[in-house]
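First up is the structure itself, then whatever we jot down about it.
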Amino acid sequence: MNCPFCGNPDSRVLDSRPSDEGSVIRRRRECPACKRRFTTYERAQVEPLLVIKRSGRKETFDPNKLLRGLSLAARKRPIDPEVLQEFAFGFEDTVKEMEITSEEIGLRSLAFLKELDPVAYIRFASVYREFDSLENFIEEVRKLDCKPGKGKKAQKTEEETPDLADEAKLGTV
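Quick note: the sequence shown uses the UniProt record's numbering, first residue 1, plus one each step.
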């Protein structure tokens, strides 16, 4: 470490101690040339998670942006906002690589919402998957509705399942 007073490239550490709950190390140093003392702080530099967008452009991961999308999907649903906040702000900790595609973020978010609330899942999926027709939307609802182990709904056969496209046209759905 160069001395800030005389520029000497050498300094002697007199004292080291943790600061800010252990995230920073404070070092008291002395320059052997001018004998002046100064303090330095050492902290880990964490590289930010980069998101690779569909266009190929890269941007820094923003948990607020993810939280905004999750909150819109969960609007007026019985979902604790803290659960969404924990997922969004803890998301970066679950990623092992330094880069992730926006598609992977969307898929992980869909899986999270699918377990949390089916309506929020469908809302998020409709934006994320860019449904371009009513049939695509209905097919996604059908997939969600006919999961194995969901009681009577899972046991219905194709003949017993009403055609949701026809019902949607009639306005009964």
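In this text, a Cβ means the ideal position worked out from N, Cα and C, and glycines have one as well.
The model shown is predicted, which means the values in this text are computed figures rather than measured ones.
- The way I'd put it, the stretch 23-38 doesn't touch the stretch 74-86; fewer than three beta-carbon pairs between them come closer than 8 Å.
- Residue 95 carries a coil assignment under DSSP once its states are collapsed to helix, strand and coil.
- As summarised for the stretch 76-150, the continuous alpha helix (DSSP H) elements at least 4 residues long and confined to that stretch are 81-94, 102-116, 118-128 and 134-145, given in chain order.
- Judged by their CB atoms, residue 131 and residue 137 are nearer to each other than the 8 Å cut-off.
- When beta bridges are read from the DSSP output, residue 70 appears opposite no residue.
- Here DSSP, grouped into helix, strand and coil, assigns residue 65 to helix.
- Taken through DSSP and simplified to helix, strand or coil, residue 32 comes out as coil.
- In this structure the stretch 16-27 does not touch the stretch 59-66; the number of beta carbon pairs closer than 8 Å is below three.
- With a 10 Å radius around the Cβ and a threshold of 16 neighbouring Cβ atoms, residue 121 comes out buried.
- Straight through space, the alpha carbons of residue 60 and residue 54 are spaced by roughly 14 Å.
- The beta carbon of residue 98 lies closer than 7 Å to those of 47, 49 and 50 in the same chain, with the five residues before and after it left out.
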